[in-house]
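Comments concern the structure below.
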């Protein structure tokens with residue numbers, strides 16, 4: 001053990017973190033994050049200490065954002081937020097939010113784009129015989145965070161299932177000009193190491209913990225999301241017939257739509273499913289437990305008591321479940337090679353297929369772009385799913401022009417709402433707009449959208465007709481009158 005590295009309490013370790021520091025914390029897709037040291041930071045603030053940090057993680061880590069955000073500890077956040085507290089602080093200007101796509105993070109961390117990282121705090125099962133760190137329920141960007149940090153704190157969490165050991169497959173692509181192809185051609189293929197190399201001279205504290213990891217309640221499917229899933233499965237069945245019976249690996253996110261899709265898979269005719277996701281939660285792992293899913297790649301596993309039961313009970317677990325680092329799960333190269341079916345959701349979509357997935361009315365952030373844009377751009381089939389209305393019909397999910405752009409029309413193949421499906425492949429912009437309005441828009445907004453498109457064609461024409469003032473009037477009307485619907489004269 002290094003002279004600098006000692007076993008200590010969470011309180012001692014947290015003492016390394018001072019006001020104004022930049023701190024990196026492990027965690028990816030709601031999993032594998034440190035717990036004891038952040039709790040100590042919260043305790044210090046609650047006891048009256050002034051403490052503000054810049055926080056960097058690999059991806060969204062809701063528990064950290066909730067804990068630290070509630071006490072106003074985070075002054076600057078990257079690359080994604082996952083709590084109402086931090087969203088509110090971003091929107092009122094008390095916190096700076098550096099929003100980034102997940103697949104950009106390795107490059108940014110390698111280049112030092114976030115400046116000096118004073119301390120990295122990560123969770124581990126322990127160390128292997130070579131002194132390398134064994135992750136817990138996620139891998140994420142831990143390698144880059146550890147490499148960039150001046151000092152390291154490792155939480156050894158005995159509550160994490162020991163069966164997670166050796167599920168990890170860590171392959172770090174070389175930086176230019178030494179870059180080579182990532183040799184991954186199958187979802188469950190292993191191409192790397194099961195642990196993370198770490199400079200042990202930088203480890204200042206090892207903190208032993210016994211804190212179970214729990215995601216908390218997740219959104220369940222609704223009648224609306226069930227109809228979206230039904231339209232999706234009718235479409236997939238036709239696609240599989242066209243493709244000779246082969247269903248490519250599926251990328252699926254989180255939320256009520258994802259829950260409905262997982263449930264639909266459980267009752268479908270599809271077998272030997274493969275998933276390639278940034279993170280997986282209980283609904284997808286239930287498919288694994290039932291034998292419906294044959295192989296899963298994920299950056300992290302959202303833990304629950306049921307998930308732990310599945311991990312303990314599934315035979316040949318290491319052959320079927322692989323936990324990878326984020327620059328593989330979100331690699332444009334790998335996503336394209338595997339021909340994934342990317343199933344993503346958004347806040348609003350315009351009549352041409354452009355998607356806003358992060359900002360309410362174009363201004364107020366909800367979470368961030370995350371990994372969805374990278375999957376949409378590089379997938380073999382990119383599907384965007386969105387309810388046609390929100391707020392009891394006051395908001396249309398389909399608008400003339402999105403108020404904020406995250407995923408552009410050229411990266412969307414299929415649009416689905418509870419009302420129907422529009423296959424946009426091979427269509428020009430005008431045909432796309434006609435299909436989206438006819439098949440996906442809510443009945444209460446169809447005439448209004450059709451009237452807008454007709455007027456745009458007549459007044460300005462062109463390949464992609466838009467009336468800027470009239471398009472923006474939809475959100476202005478919502479703000480001033482409480483609804484996007486035009487008042488009937």
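Numbering (the working numbering), first residue to last: 1 to 489. The beta-carbon is built from N, C-alpha and C at its ideal position, and this holds for glycine as well.
{"Query": "Pick from 147, 128 and 93 that is closest to residue 116, judged by C-alpha positions", "Result": "147"}
{"Query": "Coil, strand or helix - residue 490 by DSSP", "Result": "The chain is shown from 1 up to 489; residue 490 falls before or after that span and cannot be answered."}
{"Query": "Top-ranked residue by Cα proximity to residue 420, from 231, 398 and 266", "Result": "231"}
{"Query": "Cβ shell of residue 62 (< 7 Å), same chain only, five flanking positions each side left out", "Result": "30, 82 and 83"}
{"Query": "Proximity to residue 392 [Cα-Cα], best of 451, 26 and 478", "Result": "478"}
{"Query": "Distance between residue 97 and residue 239 (C-alpha atoms, nearest Å)", "Result": "40 Å"}
{"Query": "Stretch pair the segment 434-442 + the segment 404-414: three plus CB contacts closer than 8 Å", "Result": "no"}
{"Query": "Cβ neighbours of residue 290 in the same chain (closer than 8 Å, five flanking residues each side left out)", "Result": "266"}
{"Query": "Residue 196 vs residue 154 beta-carbon contact at 8 Å", "Result": "no"}
{"Query": "Residue 2 (DSSP reduced to helix, strand or coil)", "Result": "Below a pLDDT of 50, predicted positions are generally treated as unreliable, and residue 2, at 47, falls in that range; no measurement from the model is reported."}
{"Query": "8 Å Cβ cutoff met for residue 331 and residue 103", "Result": "yes"}
{"Query": "Residue 383 beta carbon less than 8 Å from that of residue 413", "Result": "yes"}
{"Query": "Cβ-Cβ distance between residue 139 and residue 318 below 8 Å", "Result": "no"}
{"Query": "Residues bridged to residue 396 [DSSP beta-bridge criterion]", "Result": "389"}
{"Query": "Whole-angstrom distance between residue 307 and residue 274, CA atom to CA atom", "Result": "18 Å"}
{"Query": "Where the alpha helix (DSSP H) containing residue 54 begins and where it ends", "Result": "It is not in any alpha helix (DSSP H) - residue 54 instead sits in the beta strand (DSSP E) that spans 53-56."}
{"Query": "Residue 446 versus residue 112 - alpha carbon distance", "Result": "49 Å"}
{"Query": "Per DSSP, cross-strand counterpart(s) of residue 140", "Result": "325"}
{"Query": "CA-to-CA distance, residue 283 to residue 233, given in whole angstroms", "Result": "17 Å"}
{"Query": "Cβ pair count under 8 Å reaching 3, the segment 375-382 against the segment 291-299", "Result": "no"}
{"Query": "Same chain only: Cβ atoms within 7 Å of residue 214, ignoring 5 sequence neighbours per side", "Result": "303 and 304"}
{"Query": "Cβ contact (3+ pairs, closer than 8 Å) linking the segment 186-196 and the segment 124-132", "Result": "yes"}
{"Query": "C-beta contact flag for residue 344 and residue 358 at 8 Å", "Result": "no"}
{"Query": "Neighbourhood of residue 356 by C-beta, 8 Å cutoff - its chain only, sequence neighbours within 5 removed", "Result": "346, 347, 348, 349, 362, 402, 403, 404, 405 and 406"}
{"Query": "Span separating the alpha-carbon of residue 279 from that of residue 298", "Result": "5 Å"}
{"Query": "Counted within 10 angstroms of its Cβ, other Cβ atoms place residue 47 as buried (16 or more) or exposed", "Result": "exposed"}
{"Query": "Integer-rounded CB distance, given that residue 57 should sit under 8 Å from residue 64", "Result": "7 Å"}
{"Query": "Status (buried if at least 16 other CB within 10 Å, exposed otherwise) for residue 468", "Result": "exposed"}
{"Query": "Alpha-carbon to alpha-carbon, residue 455 and residue 78", "Result": "42 Å"}
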